Amino acid sequence: MAIPYPHFIASEKAAMEAGLILPSSPSQPSIVLTQDDLKKIAAYKAVEYVESGMVLGLGTGSTAKHAVARIGELLRQGKLKDIIGIPTSKMTHEQALSVGIPLSDLDSHPVVDLAIDGADEVDPYLNLVKGRGGSLLREKMVEGACKKFVVIVDESKLVNYVGGSGLAMPVEVIQFCWKFTASKLQKLFEESGCEAKLRTFGEKKEPFVTDNGNYIIDLYFKESIGDLKVASDAILNLAGVVEHGMFLDMATTVIIADHVNCVEHLANLKSVDYSSAESVYYSITQKKIDGLVVHSLKDNLQ
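With my numbering applied, the sequence shown covers 344 to 645.
As structure tokens, then:
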């Protein structure tokens, strides 16, 4: 279920440039967008933040890959120039090279202008769970160094509290005595009904190994873990833990796409706008919700 976050406008430009919406008459029927289409729209919207000369953090995953592809496309078209990308995984490194994005690292560029990435969960305060793809350590290093962090997700990633999806909150641990570390993590959150599992892959259930040579312990919660800062500190204080997948107070903007809307949420809200992902079929009307200005796209596009 979607959480009623405030909304900021996501223009039809992103959908049209993604090739998913075409200008049409008022009689044009509504289009049906797949989940991947929606991810692409959100990614294209996020890339509107990119300017020539920027150092960019390049995220990892099924949504972030669309942003990387779009940046490469704009470079080829000459609409962006002098971009330097810092990838958050080996997979993104390979994709970025394939689309012509020049790459570097944090050693050479310790300050990142903008990072764009997906997330596995987003709570009402824009706290995130990331790393179900296994890249949480490099993601946190790069995105923690950026001036602006734009997160792109679909509606299914919205939760009432961190861990609320019932899916994994990953913790990267060293391989040495991982069972001992897993038991410590589970005991740490036993009041929240925590279950700690080693991440495996394939028919042989072999341990998943991160780009950094570590294991992932996935934590599953039945209830809220409470104060996230306290939980974060407790996890990081355990010997054997490298990093966890909670990204607290890091996102500056979250762009969310669902089957009706593509909307943008700001960490520091003042005035807020809203628009439909099918915006090409509607004209703009204005109303106020809870003191915030909301631009809804309704009726017919003139």
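By construction, the Cβ of each residue, glycine as well, lies at the ideal position given by its N, Cα and C atoms. Since the model is a prediction, treat every value here as computed from it, not as a measurement.
ask   = Near T435, which residues of its chain fall below 6 angstroms by C-beta distance, leaving aside the five closest residues on each side in sequence?
value = If the five residues before and after T435 are omitted, its C-beta is found closer than 6 angstroms to the C-beta atoms of L401, T403, all from its own chain and listed in chain order.
ask   = Going by other Cβ atoms of all chains shown within 10 Å of its Cβ, with 16 needed for buried, is R475 buried or exposed?
value = Around the CB of R475, 16 or more other CB atoms lie within 10 Å, so the residue is classed as buried.
C-alpha distance - F523 paired with V505, whole-angstrom precision = Rounded to whole angstroms, F523 to V505 spans 24 angstroms at the Cα level.
ask   = What whole-angstrom Cβ distance do L571 and N470 have, given they're in contact under 8 angstroms?
value = Right, the Cβ-Cβ distance comes to about 6 angstroms (below 8 angstroms), so this counts as a contact.
query = Which of the three DSSP states, helix, strand or coil, is assigned to G487?
reply = In this structure, DSSP gives G487 a state outside helix and strand, which the three-state scheme calls coil.
inquiry  = So, with DSSP's three-state summary, where would you put L591?
reply    = Note: L591 maps to coil in three-state DSSP.
inquiry  = Can you tell me where the alpha helix (DSSP H) holding Y387 begins and where it ends?
reply    = Per DSSP, Y387 belongs to the alpha helix (DSSP H) from 378-390.
query = Can the beta-carbon of I459 be found closer than 8 angstroms to that of A600?
reply = Taking 8 angstroms as the Cβ cut-off, I459 and A600 do not qualify as a contacting pair.
Three-state class that DSSP yields for M512 in the structure shown = Of the three classes helix, strand and coil, the one that applies to M512 here is strand, per DSSP.
ask   = Less than 8 angstroms separating the beta-carbons of V514 and G588?
value = Result yes, Cβ atoms of V514 and G588 sit closer than 8 angstroms.
Length of the line joining the Cα atoms of L399 and L510 = The alpha-carbon atoms of L399 and L510 are separated by roughly 29 angstroms.
inquiry  = Between the stretch 535-543 and the stretch 481-492, can you find at least three pairs of beta-carbon atoms closer than 8 angstroms?
reply    = Not touching, per the Cβ criterion.
query = In chain order, what residues of the same chain lie with their CB nearer than 8 angstroms to the CB of Y558, ignoring the 5 residues before and after it?
reply = For Y558, same chain residues with a beta-carbon under 8 angstroms away, outside a window of 5 residues either side, are E515, V516, I517, Q518, W521, L541, R542, P550, F551, V552 in chain order.
ask   = What residue from K473, E534, K527 has the CA that sits closest to S508's CA?
value = The shortest C-alpha to C-alpha distance from S508 to any of K473, E534, K527 is the one to K473.
request  = Check the C-beta distance from V390 over to A410 and give it rounded, since I have them as a contact under 8 angstroms.
outcome  = Rounded, the Cβ-Cβ distance is 5 angstroms, consistent with contact.
key: Whole runs of the alpha helix (DSSP H) within the stretch 383-446, excluding any shorter than 4 residues   = Counting whole runs of 4 or more residues, the stretch 383-446 contains the alpha helix (DSSP H) stretches 407-419, 433-441.
request  = Assign D425 to one of two classes, buried (16 or more other C-beta atoms within 10 Å of its C-beta) or exposed (fewer than that).
outcome  = By the neighbour-count rule (16 or more Cβ atoms within 10 Å), D425 is not buried but exposed.
Bridge-paired residues (DSSP) for L541 = Beta-bridge partners assigned by DSSP to L541: I560.
task = Quick one: measure Cβ to Cβ for V585 and L480, integer angstroms, because I've assumed they're closer than 8 angstroms.
result = Right, their Cβ atoms sit about 6 angstroms apart.
request  = Give the DSSP-derived three-state secondary structure of T524 in the structure shown.
outcome  = In the three-state reduction of the DSSP assignment, T524 falls in the helix class, which pools H, G and I.
task = Kindly list the residues whose CB is nearer than 7 angstroms to the CB of A412, restricted to its own chain and excluding five residues on each side of it in sequence; keep chain order.
result = Cβ within range, chain order: V442.
task = Excluding the 5 residues preceding and the 5 following T377 in the sequence, name in chain order all residues of the same chain whose CB lies nearer than 8 angstroms to its CB.
result = Result list for T377: empty, nothing under 8 angstroms.
ask   = Would you call S432 buried or exposed, if buried means 16 or more other Cβ atoms sit within 10 Å of its Cβ?
value = With at least 16 other beta carbons inside 10 angstroms of its own, S432 counts as buried.
query = So, is K530 buried or exposed, given that buried needs 16 or more other C-beta atoms within 10 angstroms?
reply = Exposed, because fewer than 16 other Cβ atoms sit within 10 Å of the Cβ of K530.
message = Nearest by alpha-carbon distance to K408: which of C537, E538, I495 is it?
response = Among C537, E538, I495, the Cα nearest to that of K408 is on I495.
message = With distance defined between alpha-carbon atoms, name the residue in M512, L423, E482 nearest to E464.
response = Checked all of M512, L423, E482; the closest Cα to E464 is M512.
ask   = Between Y392 and I414, what straight-line distance do the alpha-carbon atoms span, to the nearest angstrom?
value = Rounded to the nearest angstrom, the two C-alpha atoms are 11 angstroms apart.
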